[in-house]
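Novice: Residue numbers (my numbering), protein chains in the order written: chain A, 28 to 442; chain B, 59 to 328; chain C, 181 to 357.
Glycine residues also receive a C-beta, built at the ideal position from the N, C-alpha and C atoms.
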């Protein structure tokens, strides 16, 4: 996807086809000769892992849709039918439900990697923003998918999240009614969520293509944050080098994934979702899936309904402005001693918010959630802009080749 | 990269400490069940067929007088990985029940002897009828062992995932059935949130007549029926764990091969 | 010495690549299998396809009753003397799919066939006046004509109407399947 290709097929038939649809050249330039920085570490394999997860979710999802019934009277039973009667149904369903968690594990690592190594900085702003859009679409997809089994948490999760929109002044109530297609979460809601849950992954796939396209225009960032200067010395061909490394990482990730599917398939879920939805009784603790917990904690940290909703969506939206909030000239945290500390404090704050999101919103928990929310936003709005002005970066290697060979910069000092 | 990894671990650990401290406060839901040893726990876990058969007997003679189990079909009882009844036994068992069918040619519903493909029938035609007789609608037992749990808190849940402890639900069920500690109040239960449970003490010594020589005690009944409910909630558990072992062995070998291949290819790059 | 290692090296490397590739193929295959297998009939469908019983007392001579089994119509036909004679007297040489009537009906007065045209799966007509020139069934889709034994006589269908497994559990009870 990066410019015209010099690829010429070997066979006459290949050349005939290529002159009519140059798909071979596209694949050749994007996935074979595409240059990747030599110094990429394993944190750079999560793009491939995410592609694998997207494929796995779409395939298992299409299969589940062959057996699932999106109707309030049959949804729960059809899921149990899949678990009990359909050949390999238990495997496909557990692969899909745990696959959502794995997808988020991978995306969080992918995002934190970008944050640590400054992958959002110029000229990769559009690449980063496309990533934020993918993340938003993933959250919407995951949420609507969780509603489909029509258990207690499905129902009450849907009720709570759709009620967020009622916080919008003037039109809030009309919007929730419109979202529900009724006066509460009910059959019309389930039907449209099923339709959209089926649609959104393909939209994700579309944005992923744009994301990869943008990546191949600017080239990858790398752990040292130094741009490629000499393609010969600084890079390796995508195939076979990145291909085999990514494949190895995907297989390792599959071991992790398989552990959950086969050995602890329900540990990331909530027991309440094995109780059929009951619109007349709310479970004692409404907790979203783990991957939403930090945002749920931010929502509850604010004593005002509208304020909480604004802050929660703001926590995601702010990511899109990151390229302009960071004022540092240096990309990689490897050469930013102060940023490194604030970065890890940010990771801890996110984990802390995640933990607080799973606890009842009372007493010390609320105070802690407020403090961590404060840090979350301060990290972007205060620390990022100021740090660029006050921090003294460590000496950096001049080229990627130097970094790999241990010449120059702090790399030489350490090894 | 190394830095990134170490810090990540440190972050996870310190959060674990934070979590364990905060957890003690979350205990207003009745006593926490104690962990039991089950034949179906762990990566090689299997159901004990004799135990499932006894559990079914308890379920049939005690639980099913009030509770439904709408995802239990007679045919399931002879499926692989289950109680291991023979198909003939299941056929005979199903025939003992009258199943409503119809409408017939005259447009009327009628009763006929059960068949293996039928669902295990409930004593009540609908939840309203159950409520009219019992005062409450007894929850369906099909998924009970997965639909109940108790809070383990943030760091423990990760440890449980690693140690494959996931029998929280069945431990709760077992604890609850043994949790009637007040001899004067049949509705008092140590493990039920709030301490008052609608179901009066269902089990008593000698209530079910075991034929295989197992002790006829409340504890034994509770243990057997809990195991049965676990099977009922997760009938493919054995198949899942056995497939998992094969998948794991394959994936680890495959990862090893991939690693060697990767090294070989990258050798040219250095 | 040097030449020996040179010759050695590619073989060992190739072996590794072949082994890895083979493992990848095995992995992909075993992942694909559940996705294929899930489309086969599930346990509840198989259980629901168990044999069914039909009460023969309710079918008068000359009558045809259609019962549903495994999602298909089964024609249970109480044949008249005339219909039996027609079926028995047909010359095998005249039949596109030669079969004697005795091979298709365990008791002459009862003919049990799956009511699905062997051409492309339509349901042939069998009420009075729509039965076609051989008094059996007529398929309106493409004009296949069946006789009173359910054998194909005319039209594009290649085979006789299929006879399902059945047994008479008593004089008045029929078990299909």
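1. At a CB-CB cut-off below 8 Å, which residues of chain B make contact with residue 298/A?
2. DSSP three-state call for residue 225/B: helix, strand or coil?
3. Find out if the Cβ-Cβ distance for the pair residue 90/A, residue 218/C is shorter than 7 Å.
4. In the DSSP output, what is residue 246/B paired with across the bridge?
5. If the criterion is Cβ atoms closer than 7 Å, does the pair residue 66/A and residue 430/A meet it?
6. Smallest Cα separation from residue 230/C: which of 319/C, 249/C, 275/C, 347/C?
7. Taking the alpha-carbon positions, what's the residue 288/B to residue 138/B distance?
8. Applying the criterion that 16 or more other CB atoms from any shown protein chain within 10 Å of the CB defines a buried residue, is residue 80/A buried or exposed?
9. Does DSSP put residue 78/B in a helix, in a strand, or in coil?
10. Could you tell me the alpha carbon to alpha carbon distance between residue 223/B and residue 99/B, rounded to whole angstroms?
11. Using 7 Å as the threshold, is the C-beta distance between residue 359/A and residue 116/A below it?
12. Can you give me the start and stop residues for the beta strand (DSSP E) that residue 253/C sits inside?
13. Residue 111/A lies in the beta strand (DSSP E); which residues open and close that run?
14. Can you check whether the CB of residue 284/C is closer than 7 Å to the CB of residue 343/C?
15. What do you reckon, are the CB atoms on residue 350/A and residue 135/A nearer than 7 Å?
16. Report the residues of the stretch 106 to 127 of chain A with a CB closer than 8 Å to any CB of chain C, ordered along the chain.
17. So with CB distances below 9 Å, who are the chain B contacts of residue 196/C?
18. What separation, rounded to the nearest whole angstrom, lies between the Cα atoms of residue 340/C and residue 316/C?
19. Residues of the stretch 153 to 178 of chain B in Cβ contact with chain C at a cutoff of 8 Å, in chain order, please.
20. Just to confirm, is the Cβ distance from residue 230/A to residue 164/A under 7 Å?
21. In terms of residues, what are the limits of the beta strand (DSSP E) holding residue 347/C?
22. Would you report the Cα separation of residue 182/B and residue 307/A, rounded to the nearest angstrom?
23. Rounded to whole angstroms, what is the Cα-Cα separation between residue 271/A and residue 61/A?
24. How long is the line joining the alpha carbons of residue 262/B and residue 275/B, rounded to whole angstroms?
25. So residue 93/B contacts chain C; which residues on that side make the cut at Cβ distance below 9 Å?
26. Once you ignore the five residues that flank residue 186/A on each side, which residues in its own chain have a CB closer than 6 Å to its CB?
27. What is the DSSP secondary structure of residue 174/A, counted as helix, strand or coil?
28. Nearest chain A C-beta to residue 215/C closer than 7 Å, yes or no?
29. Measure how close the beta-carbons of residue 245/A and residue 150/A come, nearest whole angstrom, since I'm counting them as under 8 Å.
30. Excluding five sequence neighbours on each side, which residues of the same chain lie with their C-beta closer than 7 Å to the C-beta of residue 292/A?
31. Residue ranges of each alpha helix (DSSP H) run of no fewer than 4 residues wholly in the stretch 81 to 127 of chain B, ordered along the chain?
32. Within 7 Å (strictly less), CB to CB, does residue 90/A reach chain C?
33. What distance in whole Å lies between the Cβ atoms of residue 292/C and residue 346/C, which are believed to be in contact at a cut-off of 8 Å?
34. Need the endpoints of the beta strand (DSSP E) that residue 147/B sits in, please.
35. Are the C-beta atoms of residue 377/A and some chain B residue less than 7 Å apart?
36. Kindly say whether residue 357/C, judged by its beta-carbon, lies nearer than 7 Å to any beta-carbon of chain B.
Specialist: Let me spell this out:
1. 204, 205, 206, 207, 226, 227
2. Here residue 225/B sits in coil by DSSP.
3. yes
4. 254/B
5. yes
6. 249/C
7. 15 Å
8. So residue 80/A ends up on the buried side.
9. In this predicted model, residue 78/B has a pLDDT of only 39, less than 50, meaning its place in the structure is not dependable enough to derive any value.
10. 7 Å
11. no
12. 252 to 258
13. Run containing residue 111/A: none in the beta strand (DSSP E); it sits in the alpha helix (DSSP H), 102 to 111.
14. Closer than 7 Å, so yes.
15. no
16. 108, 111, 112, 113, 114, 115, 116, 118, 119
17. 315, 318, 319, 322
18. 11 Å
19. 163, 173, 174, 175
20. yes
21. 346 to 348
22. Taking the straight line joining both Cα atoms gives about 22 Å.
23. 14 Å
24. 7 Å
25. Within chain C, no residue comes near residue 93/B; the closest Cβ sits about 33 Å away, beyond 9 Å.
26. 212
27. helix
28. yes
29. 5 Å
30. 121, 125
31. 107 to 119
32. yes
33. In this structure residue 346/C is in contact with residue 292/C, their Cβ atoms being roughly 5 Å apart against a cut-off of 8 Å.
34. Note, residue 147/B: premise wrong, no beta strand (DSSP E); alpha helix (DSSP H) at 145 to 153.
35. no
36. Residue-level contact by beta carbon fails for residue 357/C and chain B, as no gap is shorter than 7 Å.
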